[in-house]
Structure formats: C-alpha cells, structure tokens
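Report on the structure given below.
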Amino acid sequence: MLNAFQEYLKFARSSDYRNHARYIFPFFEGTYFTYRKIDVLRIVTIAKAITSDPQYLDIGCGYGDFLNKVIQYIPSAIGVEKDATIYYYLNTPKPEYIISLPIECVTQPIDVAFVGWMEPGVDFRLGVADTAKCVITTFDEGGQCGINGGCEYEEFGYSRVAWWRTPSWIDVNHELMNSYYSRQLANDSLLRNSLRDLRSAHNLWYVYVRDEYLKNRIKFRLMNWLKKEGPTSQEEKFEFEQILDECGFQYKTRLPSMHSSEKLWEVYFD
C-alpha cells in the first residue's frame with residue numbers, strides 16, 4: 000500500500016492530466032465506480048422519494064469522494080468505512096460524518112444504504128439488509144466484487160426497482176492507458192481507434208426496496224426526474240466528467256461492443 004501511495008504522489012506531482020488520477024489511483028483519489036453528477040442527483044431523488052429528510056448511509060465510503068457530493072443535497076448523510084488507513088496516507092483528519100465501523104455494528108434504521116463497492120471475498124449484504132429500507136448498489140459485472148461476484152439483494156427479500164449501466168474505473172483506466180500512457184498506441188492512431196471500438200462498460204447500478212408502496216413511489220419520482228435530466232446532464236457536470244467523454248463514455252451512448260440496445264446511463268425499470 001505504501002508503494003502504491005508513493006506512485007500516486009509521484010503521478011500527482013508530475014502529470015499534466017490531473018483528473019486522470021481518479022481513474023488510475025481510485026483508492027487515493029476517486030472511487031471504484033465511475034459516476035457523473037446525474038448519478039448523484041438520481042440517488043438524491045430516490046432518497047427523497049422515501050422521505051423529505053432521509054437517513055442516508057454510504058457503506059464502505061473510503062475517504063468520502065461520492066459521499067461528499069451527496070451531502071450537498073442531504074446534509075445529514077453519513078458514511079461508514081471500516082479501514083480508516085486512507086486518512087493516514089492522505090494526512091487528513093477523518094470528518095465526523097464518516098464513522099470507522101463495520102456495517103454489522105450499525106443498528107439504527109436507514110432509509111437508503113448506498114454500497115459503492117464490496118471488496119472481492121467480502122460479503123456484508125446481510126448487515127445492510129438488516130437496516131435499510133432501500134439499497135442502491137454498484138458493482139462490477141465482471142465479478143470483481145463480493146464473493147464470486149454476488150452483489151445482488153433479491154435473496155434478502157428485496158425487489159429491484161430500476162438499474163443503469165456505467166463504465167467501471169477499470170474501463171476508463173484502459174482507455175486512458177491506451178490513449179496517453181502506452182507509447183506504441185500513442186503513436187498509432189489506427190490501432191488506438193480500433194481498440195476503442197472494443198471498449199465496454201461493466202459497472203451496474205441497482206436500486207432495491209422491499210415495500211411495494213415505496214417501489215411505486217420511487218419509480219414515479221425517478222421517472223419524473225428523468226424527464227428533465229437530459230438538459231441537466233449537459234448543464235451540471237463535475238470537472239472530471241470530461242475524461243469520460245474523451246474516453247468515449249458519453250451520456251446515453253451505445254458502445255459498439257455491447258450486443259444489445261443498452262445505452263450508458265439509460266435507466267431501465269423492472
């Protein structure tokens with residue numbers, strides 16, 4: 000871990016492409032899932048469909064990259080991060096709204112539990128299911144999380160409301176490496192473009208609830224939000240979203256390698 004942190008510092012000091020770091024060193028800067036501002040706004044819409052003042056918990060929040068965006072809309076949001084080592088490496092104090100506890104120690108009822116990542120070989124879904132009315136989880140379709148890729152919540156009595164697809168940090172990382180950090184590819188635009196046609200997106204966002212009334216309420220609110228999301232996706236962006244666009248992962252685009260009509264960031268309802 001120390002060696003990785005040293006490499007991160009070296010990159011941060013020398014690179015001309017500052018926003019690349021979040022897709023190359025996601026533990027220290029960024030997240031293990033890729034998102035845009037519209038993802039944050041969708042999460043907020045879902046949470047406030049349950050109640051106007053939702054109890055929101057980000058589980059395994061790291062240093063709070065995504066949580067900090069949500070807090071701008073849900074000030075009472077909190078996070079739990081079992082391993083607080085990240086604060087030691089970043090030499091920054093841990094904010095009060097992030098608690099160093101495993102999810103199994105959280106007993107208070109939660110309106111929305113957000114699970115952005117479960118490490119391979121780890122499964123804390125039962126702890127989440129014991130506390131949350133609604134679970135929003137993102138996971139790698141390639142099985143790079145949980146135990147044998149098990150990240151769904153149907154077995155705990157939940158029903159899926161909606162889902163959408165985005166690239167994973169690994170998908171974006173591959174594109175950055177091919178475009179900027181591979182000397183052979185950097186000088187061969189034909190090969191680089193042919194590889195770009197093979198790019199894919201492996202990150203899935205699933206929204207779960209148990210209660211049928213809440214399911215219908217969330218679906219109604221989310222559908223209403225989506226009617227105005229198109230213009231918002233262009234007007235309200237995080238700076239790092241330009242990297243996603245440059246790598247070919249634009250909003251509502253269909254990737255050539257995907258054998259379906261799915262589009263990135265398109266919401267599908269169950």
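In terms of numbering that gives the first Met the number 0, the sequence shown opens at residue 0 and continues consecutively.
Where a beta carbon is used, it is the ideal one built from N, C-alpha and C, also for glycine.
This structure is a prediction, so every number in the text was calculated from the model and none was measured.
As assigned by DSSP and simplified to three states, the class of residue i
{"i": "cysteine 133", "result": "strand"}
{"i": "asparagine 2", "result": "helix"}
{"i": "serine 232", "result": "helix"}
{"i": "glycine 126", "result": "helix"}
{"i": "phenylalanine 32", "result": "strand"}
{"i": "isoleucine 73", "result": "coil"}
{"i": "tyrosine 267", "result": "strand"}
{"i": "serine 316", "result": "Residue 316 cannot be examined here, being either before or after the span of the chain that is shown, 0 to 269."}
{"i": "lysine 262", "result": "coil"}
{"i": "serine 256", "result": "coil"}
{"i": "methionine 222", "result": "helix"}
{"i": "serine 178", "result": "helix"}
{"i": "glutamate 118", "result": "coil"}
{"i": "leucine 197", "result": "coil"}
{"i": "tyrosine 7", "result": "helix"}
{"i": "phenylalanine 65", "result": "helix"}
{"i": "lysine 214", "result": "helix"}
Below-7 Å beta-carbon distance, residue i vs any chain C residue
{"i": "glycine 78", "result": "In the structure shown, chain C cannot be found, because there is only a single protein chain."}
Residues that DSSP places opposite residue i in a beta bridge
{"i": "valine 111", "result": "Tyr55, Cys133"}
{"i": "glycine 78", "result": "Asp57, Ile97"}
{"i": "leucine 203", "result": "Phe138, Arg164"}
{"i": "serine 158", "result": "Val208"}
{"i": "isoleucine 169", "result": "DSSP lists no partner for isoleucine 169."}
{"i": "isoleucine 146", "result": "Gly149"}
Nonlocal neighbours in the same chain, by C-beta distance under 8 Å from residue i, ignoring five residues either side
{"i": "glutamate 238", "result": "Asn18"}
{"i": "arginine 253", "result": "Ser260, Glu261, Lys262, Leu263"}
{"i": "proline 92", "result": "Tyr86"}
Same chain, Cβ closer than 7 Å to residue i, neighbours up to 5 away in sequence not counted
{"i": "asparagine 208", "result": "For the record, residue 208 in the displayed sequence is valine; it is not asparagine. Taken in chain order, the residues that qualify are Lys132, Cys133, Tyr157, Ser158, Val160, Lys214, Ile217."}
{"i": "asparagine 172", "result": "Tyr22, Ile23"}
{"i": "proline 53", "result": "Ala46, Lys47, Ile73, Asp110, Val111"}
{"i": "tryptophan 163", "result": "Trp204, Trp264, Glu265, Val266, Tyr267"}
{"i": "glutamate 228", "result": "Ile37"}
{"i": "cysteine 150", "result": "Met117, Thr136, Phe138, Cys144"}
{"i": "lysine 251", "result": "Lys262, Leu263, Trp264, Glu265"}
Residue i, enclosing alpha helix (DSSP H) - first and last residue
{"i": "lysine 47", "result": "36–49"}
{"i": "leucine 89", "result": "84–89"}
{"i": "glutamate 245", "result": "240–245"}
{"i": "arginine 21", "result": "20–23"}
Same chain, Cβ closer than 6 Å to residue i, neighbours up to 5 away in sequence not counted
{"i": "isoleucine 32", "result": "Contrary to the premise, residue 32 reads as phenylalanine rather than isoleucine in this sequence. Excluding positions up to five away in sequence, the list reads Gly115, Thr137, Asn202."}
{"i": "lysine 81", "result": "Pro101"}
{"i": "glutamate 240", "result": "Arg35"}
{"i": "phenylalanine 123", "result": "Ile102"}
{"i": "threonine 84", "result": "none"}
{"i": "glycine 126", "result": "Ile102, Glu103"}
{"i": "phenylalanine 113", "result": "Asp57, Ile135"}
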